[in-house]
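Residue numbers for the sequence shown, in the working numbering: 15 to 187. For glycine and all other residues, C-beta sits at the position ideal for the given N, C-alpha and C. Given the structure is predicted, the values throughout are model-derived calculations rather than measurements.
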Amino acid sequence: MDGSLGTVTSQLAALVATYGLPVLFVVFLLKGTLIGKLLSTAVFLPGYVIAAGGGSQIATMSVIVATVGYMLGQLFLYLGLRKHGLAFLDRLPRVSVDLESDRAQRVATWFDEYGGLAIFVTNFLPWLRGLLTIPAATSSYPVGRYTVYTGSSTLLYHTGYVLLALLGLSIVR
């Protein structure tokens, strides 16, 4: 390996080891508030786990940190919408949700029909994740139930991506 490439690689590894989990937390906090929607969970979370070494302890910590960050972001969004209504979305940078779109209408209909089950299921669908927060928060849906459905589905979703990354890593090695 070229000396300079080895130096860059070791410096990147040191950065990941030092700042990786805090950065992961912030990224998923932003994703939870819908601000970081452009950051793909499918790429970012497994990528971090692989870059950090791919061990089971790293994988577990990554899933926990990403899930807690995402959940706190979702609760921030939920409580902000609950308190300020839909105008709260306008206060968030880089969040543009067209509430008149077919997708938003479909999500609202699913929430009306299925409640918590819709919250749970849509958290597994990349372009719909988090959107059920809007109808849940602007209705009288209880925050405790919302947290259980969002938290459990988010934990499973993140775990699935990390397990796939570890499986891929074990095949490559």
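First through last residue of the alpha helix (DSSP H) which encompasses residue i
{"i": "Gly87", "result": "70-98"}
{"i": "Ser184", "result": "157-186"}
{"i": "Ile49", "result": "First-last for Ile49: undefined, no H or E at that position."}
{"i": "Arg143", "result": "Neither: Arg143 is in no alpha helix (DSSP H) and is coded neither H nor E."}
{"i": "Pro107", "result": "Looking at the DSSP string, Pro107 is not in any alpha helix (DSSP H), and its letter there is neither H nor E."}
{"i": "Glu127", "result": "116-128"}
{"i": "Ala65", "result": "55-65"}
Distance CB(residue i)-CB(residue j) smaller than 8 Å
{"i": "Arg159", "j": "Gly130", "result": "yes"}
{"i": "Asn137", "j": "Thr161", "result": "no"}
{"i": "Ser167", "j": "Phe125", "result": "no"}
{"i": "Arg120", "j": "Ile49", "result": "no"}
{"i": "Thr41", "j": "Thr173", "result": "It should be pointed out that residue 41 corresponds to Val in this sequence rather than to Thr. Against a cut-off of 8 Å, the Cβ pair of Thr173 and Val41 comes out as no contact."}
8 Å contact criterion, which residue i and residue j should meet: CB distance rounded
{"i": "Met75", "j": "Leu35", "result": "6 Å"}
{"i": "Thr47", "j": "Leu91", "result": "5 Å"}
{"i": "Pro44", "j": "Gly87", "result": "Checking the sequence, you will find Leu at residue 44 rather than Pro. So it is a contact: roughly 6 Å between Cβ atoms."}
{"i": "Gly68", "j": "Leu183", "result": "5 Å"}
{"i": "Leu100", "j": "Thr152", "result": "7 Å"}
(request) Spell out a yes or no on whether the stretch 141-148 and the stretch 71-82 are touching, meaning 3 or more CB-CB pairs, one atom from each, closer than 8 Å. (result) no
(request) Specify whether the stretch 168-185 and the stretch 58-66 touch according to this definition: at least 3 beta carbon pairs, one from each stretch, less than 8 Å apart. (result) yes
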